[in-house]
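Structure first, then comments.
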Amino acid sequence: MTLPAEQQVSLLSTRFEPLLHRHPTNPILTSRDWPYPINSVFNAGATRLEDGTTLLLCRVEDRRGLSHLSAARSRNGVDGWQIDSEPTLTPDPKNYPEEIWGIEDPRITFVPELQQYVVTYTSYSRGGPGVSLALTKDFRSFERYGVIMSPDDKDSSLLPRRIDGCWALIHRPMTTLGSHMWISYSPDLRYWGRHRLMLEARRGAWWDANKIGLSPPPIETSRGWLVFYHGVRHTPSGCLYRLGLALFELDNPEKCLLRGDSWIFGPEAEYERHGDVDDVVFPCGYTMDADGDMLNIYYGAADCAIALARASVRSLLEWLDANGSCDRRQRAGDL
Ligand code: BMA
């Protein structure tokens, strides 16, 4: 017997006030919904098109283990999904050798100056995962810019406008310093430099020790860029992916204003706890309701399904005011 989603979470539910509310019909998309045979669908970028349609650009894994991206469109962002009958963006290793082992985890940014969507995604090369970028107007044809951050690097998203005349990209290179979030700048989306450490993974027993990464694209609020990031905790039985929250200065996004100490969302429901990879919640996209406050956050669950949670920006900022700090803990490595 399958329990309703809200009951499924009860065994593990914490007594903390939930900030993200799971949709009662979760998971909203699985491999069973796909018009062609696939292994799994998860980690989707999201945006709202001009006509109000919600578009998800989903990571789809085939039964070779390689991923491509496919678009799913819905009027209400919950059900009635129209899924492209064939893969929307497939790896093209002939022209882009860095895509030899697939393309994964897209983030979508609509850029008013370009009147286009910029999609950043992981290209899985022989040398490991790197960051690639493509432009599109309609999610049917794409202009690929190729790899913009060499391996090992992933979890990237573009800010929707220039900062001091330059485009800004958040990403997560793996260095001997650890797996931290960095920000880099470019005059033209092709050549990137001025690399700056943006947010460090903590160390020791913290939930976000050693490895963190950007989750959906940053959310622009009047108080700053609101950033969901994932923390990966290594445990004897595998990794635990959870979500934390931080706020960065609008015109200087390297500057962390507030960072919460505890995670705000983690795997609790059955579909988040068990799948191809257990205990993973991994949002890559959100849409905002017309009220300018309510977020629809689309997340991959256990690398097997796409689920939806809703959260109010106002309550996320209130939580950060009450639980965040802006001291050296941004640089938590030396705590
Ligand atoms: C991360 C990414 C995600 C994936 C997660 C859990 O490193 O590769 O695509 O969902 O691992 O497997």
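Start counting the sequence shown at 0; every next residue gets the next number (numbering that gives the first Met the number 0). C-beta: ideal position from N, C-alpha, C; glycine also. Note that this is a predicted model, so its numbers are computed, not measured.
*Going by the CB atoms, is the gap between L249 and G259 shorter than 8 Å?*
Taking a C-beta distance under 8 Å as the contact criterion, G259 and L249 do not qualify as a contact pair.
_Can you tell me whether V276 sits near ligand 1, meaning its C-beta is under 7 Å from at least one heavy atom of the ligand?_
Correct: V276 has its Cβ closer than 7 Å to ligand 1.
*Backbone secondary structure at R313 - three-state DSSP*: Three-state DSSP puts R313 in a helix.
_Nearer than 7 Å: is that true of the beta carbon of G177 relative to any heavy atom of ligand 1?_
It does not: the Cβ of G177 is nowhere closer than 7 Å to a heavy atom of ligand 1.
*Specify the secondary structure class of A306 as computed by DSSP and reduced to three states.*
Reduced to three states, the DSSP call for A306 is strand.
*So L18 and A310 are in contact, right, with Cβ under 8 Å, and what is the actual spacing, rounded?*
The pair is a contact, with the Cβ atoms about 6 Å apart (cut-off 8 Å).
*asked:* Below 8 Å, how does it come out for the segment 77–93 and the segment 313–325: are there three or more Cβ pairs, yes or no?
replied: Proximity of the segment 77–93 to the segment 313–325 falls short of the contact definition, fewer than three beta-carbon pairs being nearer than 8 Å.
_Separation of R62 from F227, as counted between CA atoms_ = Pairing F227 with R62, the inter-Cα distance amounts to about 31 Å.
*How many Å lie between W206 and D32 at the Cα?*
Just so you know, the alpha carbons of W206 and D32 end up roughly 34 Å apart.
_Is the beta carbon of P266 closer than 8 Å to that of V279?_
Yes, the Cβ-Cβ distance between V279 and P266 is below 8 Å.
*Cβ-Cβ distance between S149 and G101 below 8 Å*: No, the Cβ-Cβ distance between S149 and G101 is not below 8 Å.
*Apart from the five residues on each side of it in sequence, which residues of its chain come closer than 7 Å, Cβ to Cβ, to T89?*
Hits under 7 Å: H67.
*Provide the residue(s) that pair with H229 in DSSP beta bridges, ordered along the chain.*
Here H229 is bridged, per DSSP, to G212, L242.
*Using the Cα positions of D50 and S69, report the straight-line distance between them to the nearest angstrom.*
Taking the CA atoms as reference points, D50 sits about 20 Å from S69.
*Below 7 Å CB to CB, which residues in the same chain sit around A109 once its five sequence neighbours on both sides are set aside?*
Inspection of the sequence shows that residue 109 is occupied by Phe rather than by Ala. Counting only Cβ-Cβ distances below 7 Å, and skipping sequence neighbours, we find T46, Y116, P159.
*asked:* Using only the alpha-carbon positions, how far apart do D132 and T119 sit?
replied: The sequence as given places Leu at residue 132; Asp does not occur at that position. Computed Cα separation, rounded: 4 Å.
_For a test of your reading of the model: does the CB of F227 fall under 7 Å from any non-hydrogen atom of ligand 1? Yes or no._
Incorrect: F227 has no Cβ contact closer than 7 Å to ligand 1.
_Minimum C-alpha distance to T135 - residue among S155, R161, R106_ = Considering only alpha carbons, the answer is R106.
*For S39, which three-state DSSP category applies?*
Assignment of S39 by DSSP, reduced to helix, strand and coil, places it in the strand class.
*In three-state terms, what does DSSP make of Y116?*
Residue state, collapsed to three classes: strand.
*Could you work out which residue in G274, V312, D292 is closest to S30 when comparing CA atoms only?*
Residue G274 is the option with its Cα nearest to S30.
_Contact test: G299 Cβ vs ligand 1 heavy atom, cutoff 7 Å_ = Under cutoff, so the answer is yes.
_Pairwise C-alpha distance: T220 and P111_ = Approximately 17 Å between the Cα atoms of the pair.
*G284 and P186 look like a contact to me (Cβ under 8 Å); what is the Cβ gap, rounded to whole Å?*
In fact, because the Cβ distance is near 27 Å, the residues do not count as touching under 8 Å.
*In the DSSP assignment, find the unbroken beta strand (DSSP E) run with Y298 in it and report its ends.*
293–300 is the span of the beta strand (DSSP E), which, as asked, contains Y298.
*Check D137 in the structure and name its three-state DSSP category.*
Per DSSP, reduced to three states, the secondary structure at D137 is coil, with no helix or strand assignment.
*Compute the beta-carbon to beta-carbon distance between I162 and P252, rounded to the nearest angstrom, for a pair I have assumed lies under 8 Å.*
Contact annotation, I162 with P252: C-beta distance approximately 6 Å; criterion of less than 8 Å satisfied.
*Ordered along the chain, which non-local residues of its own chain (more than five positions away) have a Cβ less than 8 Å from that of W191?*
Excluding its 5 nearest sequence neighbours in each direction, W191 has C-beta neighbours in its own chain below 8 Å: I147, M148, L168, S183, Y184, S185, listed in chain order.
_Host beta strand (DSSP E) of R195 (start-end)_ = Membership of R195 in the beta strand (DSSP E) is indicated by the continuous run 192–198.
*Evaluate Y297 with the Cβ neighbour count: other Cβ atoms within 10 Å of its Cβ, from every protein chain shown; 16 or more gives buried, anything less gives exposed.*
By the neighbour-count rule (16 or more Cβ atoms within 10 Å), Y297 is buried.
_Between the alpha carbons of A331 and R201, how many angstroms are there, rounded?_
Here the model assigns A331 a pLDDT of 45, short of 50, so the residue's position is not dependable, and the following value carries that caveat. Their backbone Cα atoms lie some 5 Å apart in a straight line.
*Relative to the alpha-carbon of Y95, which residue among P172, D78, M197, R125 has its alpha-carbon at the smallest distance?*
Per the Cα distances, R125.
*Rounded to a whole number of angstroms, what is the C-alpha to C-alpha distance between F264 and L242?*
Straight-line spacing of the CA atoms in F264 and L242 works out to 5 Å.
*With a CB to CB cut of under 7 Å and the five nearest residues on each side skipped, what residues in its chain are close to V364?*
Only positions 0 to 334 of the chain appear in this structure, which leaves residue 364 out of reach.
*asked:* Using a Cβ-Cβ cutoff of less than 7 Å, which residues in the same chain neighbour R272 once the five nearest sequence positions on both sides are dropped?
replied: Cβ neighbours of R272 beyond the five flanking positions: P266, D278, A301.
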